[in-house]
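Okay, so here's the structure we're looking at.
Numbering (full-length UniProt numbering), first residue to last: 1 to 291.
Written out as structure tokens, the structure reads:
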């Protein structure tokens, strides 16, 4: 696929204004312009922005604050669901296994699981779908309970070659910063590379890779973030994370006629409004389209 050319739609527009303008024309952008644009996005958010892109067609990688740590927030739910898929591949627990739970297991923001308390519960597949597509927190905790807890997820990440990402707590505690301890954090580079391994590598079976991608494509929480920035003709699957002054989004895009691109975007410590934080991540999507 021929890349888009990064052009200011109106004379005098700043790089950032062009990125956020509805008149924006996608196109390839030189690295200095990308660096300047991401810094402007960060400045607008008044927070700390980390970004990493991986083009699987030519192997290029680009990032900004790629190796700084950020709280994963709900982006860990993709990784936890991948561990469920690995266990299913290994015959340890089929996706059809039912997980029963009680009212006492519910935590804040559980739009799916709160409707199925008691009785037969939900299957592992249904829990993964719920936690990725709606960010259901109880579903995430039930998944972690089934796979052996946060330490088991961290061990899984080490097995697939991620020496950085770690999960230490469950919902909702994992959303709280732990100064000096790096609990429940990743880096933009580590997350993008782990997503590459899980979605395109050999860590999971072809069927499990396809299932993980399908859940990410069906996500309902990211319409104003990366999805809002990439061209309408591009396929995208991603998982968001949100807590207080932080907003994240990480996933995979499929440009028509080109190899997939992995993307991770982490925004922390932003006192701006939720709308501004989301527009910042949409701007990252436009940067990706201009890369």
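Quick reminder that beta carbons are idealized off the backbone N, C-alpha and C, glycines included.
Quick check on this structure: which residue in the options has the alpha carbon closest to the alpha carbon of residue i?
| i | options | result |
| --- | --- | --- |
| residue 264 | 238, 242 and 274 | 238 |
| residue 289 | 164, 212 and 228 | 228 |
| residue 171 | 145, 99, 129 and 258 | 145 |
| residue 77 | 99, 112 and 134 | 134 |
| residue 193 | 31, 39 and 51 | 51 |
| residue 139 | 119, 111 and 161 | 111 |
| residue 266 | 149, 69 and 61 | 69 |
| residue 322 | 83, 210, 169 and 214 | Any question about residue 322 goes unanswered here, given that the chain covers just 1 to 291. |
| residue 215 | 224, 201, 236 and 122 | 236 |
| residue 175 | 53, 129 and 74 | 74 |
| residue 275 | 234, 136, 246 and 251 | 246 |
| residue 129 | 220, 44, 33 and 234 | 220 |
Quick check on the DSSP output: the alpha helix (DSSP H) that includes residue i runs from which residue to which?
| i | result |
| --- | --- |
| residue 197 | 188 to 200 |
| residue 143 | 137 to 147 |
| residue 62 | Residue 62 -> not in any alpha helix (DSSP H); beta strand (DSSP E) instead, spanning 61 to 64. |
| residue 38 | 31 to 45 |
Compute the beta-carbon to beta-carbon distance between residue i and residue j, rounded to the nearest angstrom, for a pair I have assumed lies under 8 angstroms.
| i | j | result |
| --- | --- | --- |
| residue 47 | residue 218 | Actually they do not touch by this definition, with Cβ atoms about 29 angstroms apart. |
| residue 199 | residue 89 | Between residue 89 and residue 199 the Cβ distance is about 14 angstroms, and since that is not below 8 angstroms, they are no contact. |
| residue 196 | residue 262 | 5 angstroms |
| residue 80 | residue 87 | Going by Cβ atoms, the distance from residue 80 to residue 87 rounds to 11 angstroms, so no, they are not a contact pair. |
| residue 291 | residue 53 | 6 angstroms |
Going straight from the alpha carbon of residue i to that of residue j, what length do you get?
| i | j | result |
| --- | --- | --- |
| residue 177 | residue 132 | 22 angstroms |
| residue 183 | residue 105 | 23 angstroms |
| residue 260 | residue 253 | 6 angstroms |
| residue 4 | residue 124 | Bear in mind that the predicted position of residue 4 carries a pLDDT of just 42, short of 50, making it unreliable; the figure below should be weighed with that in mind. C-alpha separation (whole angstroms): 41 angstroms. |
| residue 257 | residue 107 | 43 angstroms |
| residue 278 | residue 243 | 12 angstroms |
| residue 230 | residue 64 | 19 angstroms |
| residue 213 | residue 271 | 33 angstroms |
| residue 91 | residue 207 | 14 angstroms |
| residue 31 | residue 210 | 33 angstroms |
| residue 153 | residue 179 | 22 angstroms |
| residue 225 | residue 159 | 30 angstroms |
| residue 116 | residue 156 | 29 angstroms |
If you drop the 5 nearest sequence neighbours on each side, which residues of the same chain put their C-beta closer than 7 angstroms to that of residue i?
| i | result |
| --- | --- |
| residue 164 | 186, 187 and 190 |
| residue 222 | 238, 240 and 249 |
| residue 127 | 99, 139, 142 and 143 |
Over the uninterrupted beta strand (DSSP E) stretch that includes residue i, give me the two end residues.
| i | result |
| --- | --- |
| residue 240 | 235 to 243 |
| residue 132 | Looking at the DSSP string, residue 132 is not in any beta strand (DSSP E); the run it does join, the alpha helix (DSSP H), is 124 to 133. |
| residue 246 | 246 to 254 |
| residue 55 | 48 to 55 |
| residue 83 | Element bounds for residue 83: not the beta strand (DSSP E) but the alpha helix (DSSP H), 76 to 89. |
| residue 263 | 261 to 268 |
Among residues of its own chain, excluding the 5 on either side of residue i, which ones have a beta-carbon nearer than 6 angstroms to its beta-carbon?
| i | result |
| --- | --- |
| residue 162 | 190 and 194 |
| residue 168 | 150, 183 and 184 |
| residue 120 | 98 |
Which same chain residues, not among the five before or five after residue i, have their C-beta less than 8 angstroms away from its C-beta?
| i | result |
| --- | --- |
| residue 114 | 106 and 138 |
Please confirm if residue i has its CB atom under 8 angstroms from at least one CB of chain D.
| i | result |
| --- | --- |
| residue 90 | Of the protein chains in this structure there is only one, and it is not chain D. |
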